[in-house]
Structures are given as structure tokens and as C-alpha cells.
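A short write-up of the structure that comes next.
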Amino acid sequence: MPTGRTVVRDAAVLTADPANTVHQHGTLVIEDGRLAEVRPSEPDDGGQPADTVIHGRGKLALPGLVNAHTHLEMTGVQGAFSDLSTLRLGMEATALFRRSEAYAELARAGWALGLVNMLTSGITLFNSMDRDPRPGADAVAESGMRAVMGPMLADLMLPEPVEAQVAQAEEFVAAYHGSADGRVRAAVATQGDLWCTGELWRAAAALARRHPEARVHTHVLETGQSQAMARSQGYASSVELLEELGLLDERTMVAHFVNARAADVRRVAAAGASVLHCPTGLAYYGTGERAWPPMRALAEHGVAVGLGLDDPYWIDSWDLFREAKQARVMANHHFGAPQLDSDRLVRMLTIDGARALGLGDEVGSLEPGKQADVVLADIDHPRFEPYTNLPALAVNALTADRVESVLVEGRVLVSGGRVQTLDKGAARDDLRRTAHEIAEKTGWHLGPASAIPPRITGTIRRSAGPLLGIAARVATQTTRERLRRGPGADT
Ligand SMILES: [Zn+2]
């Protein structure tokens, strides 16, 4: 979309270019959606002809943030799951998934507010996996953002048969890949090694072969049980499952990758695949084990690692800056990773996230020739003084509510903190009304002081089948392996 000539004057600029160049007083010149100049400000910048001038004094300009792994259609449950145990959360989510009609209504109402929340937080590109991304892709087109999207494939969790799930995914790829002037890309999105049978994996691999234009998105090694599930399908490991099915190459985006071993990292790196790290999501719910992605090995092997919010409505945060800080402190706390420096964290928020999604040549850094996806945040506040080490301030001190302006392809989508392309009020009213209607139908009590889930008996009835099915497969596989190793082998 041609936007003429826009000049951003006198902002502090984090470019995320290969040298991590920072301009204390910088100017961006944008021509027809692309960055034409990114450089230190000059005295005569004020006299340059421009259709739009954005005054950047007291602002930090950085590339649009990339939410590299997320789910969005349950935006309406924000607050409801926040205080549930991990087990109860899994049960309630599964039970909701299996109330197809109520879920579809909740999902439909979630998209617009999810996009508003991301845009106003400085996120210009996201990679999502949801049951029905079609209304989301339509909303992305309207919003002006970018997205990689794919319908979730998970036969151990969703009620639809494999054939129907794959047919829906194929329709999505055919209808939406390259839509919204190329801003929407499609992915073949299996829920992952814990949630799918061999039948679904093989069908997803065939789908990915038929559509080489689509990316491949999946959760891998999300929990301690994931590897056992992959082995129960006859593969030596989760990574080998992907490899043998032809699902591990430069299109592949692996979310979480917790407890991955050195050999797993080498294979992912050799394939050119990427890893999507969601530190708050991983740390929020206890899995009963101390586990973290191998950040040191991933860096040593040059794997592109992006940061994601995962389920923003379960952790009640849409702030990707906080994910960078969380990635830093959690790596330092217990998990043996090297300290993550600020430049690397800025890159994970921007260019490395874009590379992880296969869009690193187009967006992710402020360099001439790239699409003008730019965030301007207000740093005219004493907490940022005296402006020493701006990359550190961006990941340690900046929060999403300081974001003032957001441009995608040079088009202003957020101005003065307000979204220009979507009706925030209508989206909010629709979500509020729908969330309370669904709560009534499903037995939830949602109030300002608490969220009380429905009676456990109804939840068990709906969720026990899939969850027990997965637990039984893991238990059978673990027992089989223990017997094969012989008595005393564990000690
Ligand atoms: Zn996820």
C-alpha cells in the first residue's frame, strides 16, 4: 500500500542491523512503505519534503516486535485460568475445546481484541496456531499487521477426525496464504509431539509436501512426557519424528524445545529450523521438573530464536518487552544458560523473531530496503535517564504501555497509543458480552474478584477421555522401556 514519503526525525534508534547500530539522534526516511534512509539526524532534516513527519524527540524507534509463537482465539478467557493448577487448567481448556459450539463463539469474538492488544504493545508480526484462524486472518487484513497462521492439528485433543482436520488446514492454506497483500502467510500447524498420533503426523507431512509455500509450526519437547509420546509412535525421539516425516527443514518452527539434548540442537541447526521461546508461559505453570530450552547450545549453533507470548490470556500479559526480561532473568536464575546480553535480547524481539518466521529478509530490522515496520515508544521519563545503553533500557525498563506509534509498511496503524484500523470499543464490547454468555452456558462464574470454574464432574466428563488417553500412552511407553532396560536400570 503506497504511503508516500514519511520522515521520523530525531528519535533514538535501535536498528537491530548486523552491527546492532544505535543512533542517539536518528532519522528514518520511508518511501512507499520501505525504509529509504536510516541514519544520524542532520540539521536540515526539518526542511525535507514529506507527506508525514513524525517528531521523534524523547522517543525510541525500534523494529516492529515479533510475537513468534502464540494462540489467540481464547482471548475471552483472560483472568479465568490465571489461578488454576496446571492439571485443572489442562482439564478446563480441554473441556472448553470439546464444547464445539460455545468454543467457536468465544473464538470468533477473541480475535479483534487480541490484535488490538498486540498492536498497541508494539507487535507488528505474530505466528499463531488456533483451531479456526479464518476470522483471525480476516481481522489481520483489516488491521494492517502481518501474521503467519495455521489451524491447529491435534487428534488426541480435538473431537474432529484426522481427515476433517487436515482438509480444514488445506482449505486455509489455499485460501489465505499470501492474502492481505502478502501480509498473511500460512503454516501447517501440528499441536505437537504430545498431542498427535502417527496417523495425524503422516497426514500433516503429506499436507506440508503438497504446500511447499506454507511454513511448518509445532510444539516440540514442551513437557517431560513429549519424548515418550514420540517414542510410542515408533520414533527414537521427537526430533527424529520430524526428520523422518520430512517435517524438519528451513520451514520448520519449533516452539518450546525444553530439555532438548545436544544432538537435538545439532539436528535442528543443520536443518535450518528455528526455535520459539516463551519464557513466561514456561515458568508460569509448574510442570514438576526444572526444565528450560538449551539457550547456550542454540546460540552456539546459530539457531534463530524468537520470543513469544504463547497464551497471552493465560498469563494475562500482552507485553513482549517483559518476555525479553523474563528470558534474561530465568536463564540466569537456575538453568545454566549464559547471561543473555541486551543486544541479543533486542534481536530476539525483532530480527531473530522475523528470521525464525522466515521473514528476516523483509522485516525485523531498520535497514534501507526493508519494509518500514517501526515502533516508537515514549522514553521521555526519568526512569530512562540518562539514556545510557539504550538496548538495556529497551529490555529492562521499557514496557508495552509506553508504545505510542506503530507503522507497518510505512502505514500508521497506532497513533498516540490508539489503533487506527480496528474499532477497539466494538471489539471490547463484543468480547465482554460473549465471554459472559459462554460463562453462563458452561457454568463458569466470572467476577471482578475471582473466576470460579464449573463443577469438576462436568469438566472431568468432557476432558477425561483425551487427557487419560495421552497419560495412558505415556505410561505404557515408559513401562515398556523400563522393562526393556531391566530391573534396577533407573537407579
Ligand atoms: Zn503454544
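So that you can map any letter, position 38 of the sequence shown is 38 in the UniProt record's numbering, and since no number is skipped, the others follow by simple counting.
C-beta atoms are modelled at their ideal positions from N, C-alpha and C, and glycine is treated no differently.
Query, Result
"Can you tell which of G364, I315, S463 has its C-alpha closest to the C-alpha of V305?", "G364"
"Starting from the Cα of A36, find the closest Cα among L366, L467, S463, V395 and give me that residue.", "L366"
"Helix, strand or coil for F81? Go by DSSP, reduced to three states.", "coil"
"Can you name the residues that DSSP bridges to A167?", "Its beta-bridge partners do not exist; DSSP assigns none."
"What is the DSSP secondary structure of R484, reduced to helix, strand or coil?", "helix"
"Per DSSP, which residues does T218 bridge with? Please list them.", "T190, V254"
"Hey, would you say the C-beta of H55 is under 7 Å away from at least one heavy atom of ligand 1?", "no"
"Three or more beta-carbon pairs under 8 Å between the region 64 to 75 and the region 349 to 362, yes or no?", "yes"
"Excluding the 5 residues preceding and the 5 following G56 in the sequence, name in chain order all residues of the same chain whose CB lies nearer than 7 Å to its CB.", "V8, R9, D10, A11, L376"
"The alpha helix (DSSP H) that contains G182, what's its start and end?", "From DSSP, G182 is part of no alpha helix (DSSP H); its letter is neither H nor E."
"Which residues bound the beta strand (DSSP E) around P40?", "34 to 40"
"From T75 to P312, what distance separates their C-alpha atoms?", "8 Å"
"For ligand 1, I want to know if A255 counts as a neighbour, meaning its beta carbon is within less than 7 Å of at least one of the ligand's heavy atoms.", "yes"
"Which of helix, strand or coil does DSSP assign to E351?", "It is Ile, not Glu, that sits at residue 351 in the sequence shown. If DSSP states are grouped into helix, strand and coil, I351 belongs with the helices."
"Can you check which of these residues, M253, W201, Q227, is closest to E244 by C-alpha distance?", "W201"
"Identify every residue that forms a DSSP beta bridge with T27.", "R39"
"Looking only at its own chain, which residues have a Cβ that is under 7 Å from the Cβ of R428, when we skip the five neighbours before and after it?", "L113"
"Taking one C-beta from the region 104 to 113 and one from the region 75 to 90 each time, how about it: are there three or more such pairs within less than 8 Å?", "yes"
"Is H217 a contact residue of ligand 3, with contact defined as CB to any heavy atom under 7 Å?", "With respect to small molecules bound, the structure shown includes ligand 1 and not ligand 3."
"Is D83 near ligand 1, in the sense that its beta carbon is under 7 Å from a heavy atom of that ligand?", "no"
"Determine the direct distance from the alpha carbon of R473 to that of D430, and round the result to whole angstroms.", "41 Å"
"When you compare the CB positions of G410 and G33, do they come within less than 8 Å of one another, or not?", "yes"
"Any heavy atom of ligand 1 closer than 7 Å to the CB of D310?", "yes"
"Under 8 Å, with one C-beta from each stretch per pair, do the region 448 to 467 and the region 140 to 152 reach the 3-pair mark?", "no"
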